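Residue 296 in our numbering sits at position 285 of the sequence shown, with consecutive numbering throughout. Backbone N, C-alpha and C define an ideal beta-carbon position, used for all residues, glycine too. These figures come from a predicted structure and were not determined experimentally. The structure under discussion appears below in the form of structure tokens.
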Amino acid sequence: MSALIAMDEAQLAALVKECGQPPFRAKQLREYALKGTPVEGMSSLPKSMRDLLVAKGVTALAATVVQSKTSAIDGTTKFLFAFGDGNVVEGVLMKYEYGNSVCVSTQVGCAMGCKFCASTLDGKVRDLTAAEMLSEVIAAGSAAGGVNHVVLMGSGEPLDNYGEVTEFIRRLCVDLGMSKRHIALSTCGLCEAMDRLSKEEYAPVLTVSLHAPNDELRKRIMPIANRYPVREVVAAAKRYFDSTSRRVIFEYSLIDGFNDTPECAKELAALVKGFPCHINLIRLNPVKERGLAGSSKAAVAAFSDALTGYGVSNTVRRTLGADIDGACGQLRRKFLGGEK
Ligand code: SAH
């Protein structure tokens, strides 16, 4: 391991010793790493030490930005991060009135197989480590003057990488001083892991991908529905609310003629009735390989109005970065040559 961000206190102390430097340098290294300062720029270290670190192949972060694209429409920046083993993932920095939000990937690829998602087309390659995910946040934030919110909504199923993901969230809170209320984790609904997460000291805001109001439809687009019936997923979301007192958010991507009918709105409203939750509606971002189309603007508005009529709190999410391959997994596929 040659990234400072991945080293614990003992490893930093050992490195400082190897460089023939006094122990207080370990704290400096840690602070620089958390800011994402490149080794060459760690100006309070002696030049000889910086040269030695560079010669040893030591870097501040465990990810490097290999490509970034900024939307001319809304300033959203999409990043491609590369890791030591050559794997790449995507991350997005979004600018809102309330601050900067970074969307991070938690795995290279994904094993969940959702039919509308580009991240899962080639399955899962590997889990990311906590230090790698933290590096995504720091690298994206250092270009934009800091990060206020983190969402685990890039490629990967965060609850399928439970240990590293919860360690990552802990480090966001402890090392970067972020509030757990400013961290949102999105899952396709792994019920046991949702229950486990609800008991964590640093339990984040939970977002659950529903995308269909019943198992019959859900199974057609989300293989995980064969393992967990949608009623169990909603019951686990309710328990998450009971345990954390945080309102749960459901994601619902509207697919033309598939899950955007008035009947679906009615069924969805009945499904989530009875506890404080919120539904995020988003028009499906079409992925070439998938052959599914997003609902029309009128259908999205009608669906939202219907939910409101049933008393269900909901918002239609703006699509940011439409000109920079904003949808999950698409920039990476272009980069790897998977999509022309
Ligand atoms: N594995 C997590 C995180 C996935 S990405 C999960 O399933 O929640 C975050 C959200 O984007 C999920 O709700 C996912 O279903 C949705 N998503 C994936 N591809 C999409 C697409 N092409 N258009 C719209 N939403 C998409």
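If you pair each beta-carbon of the region 247-257 with each one of the region 307-314, do three or more pairs fall below 8 Å? no
With DSSP as the reference, please indicate the residues paired to M105 in a beta bridge. S112
Extent of the continuous beta strand (DSSP E) to which F92 belongs: 88-93
Tell me whether I293 counts as near ligand 1, meaning its Cβ is closer than 7 Å to at least one heavy atom of that ligand. yes
Just confirm the distance between the C-beta atoms of I290 and Y263, as a whole number of angstroms; I'd bet it's less than 8 Å. 6 Å
I need the DSSP call for N237, collapsed to helix, strand or coil. helix
As a quick exercise: from S116, A150, A83, pick the residue whose alpha carbon is nearest that of L45. A150
Would you identify the three-state DSSP class for C288, choosing helix, strand or coil? strand
Cβ atoms of V99 and V161: under 8 Å apart, would you say? no
Could you round the C-beta distance between G167 and T117 to whole angstroms and report it? I think they count as a contact, below 8 Å. 4 Å
K230, enclosing alpha helix (DSSP H) - first and last residue: 226-232
Ligand 1 heavy atom lying under 7 Å from the CB of H222: yes
Does the Cβ-Cβ distance between G157 and E101 come in under 8 Å? no
For the structure I just gave you, are there three or more beta carbon pairs, one from the region 31-48 and one from the region 15-23, closer than 8 Å? yes
Taking 7 Å as the cut-off, is the beta-carbon of E262 closer than that to any non-hydrogen atom of ligand 1? yes
Of all the alpha helix (DSSP H) runs that stay within the bounds of the region 186-223, which reach a length of 4 or more residues? 202-209
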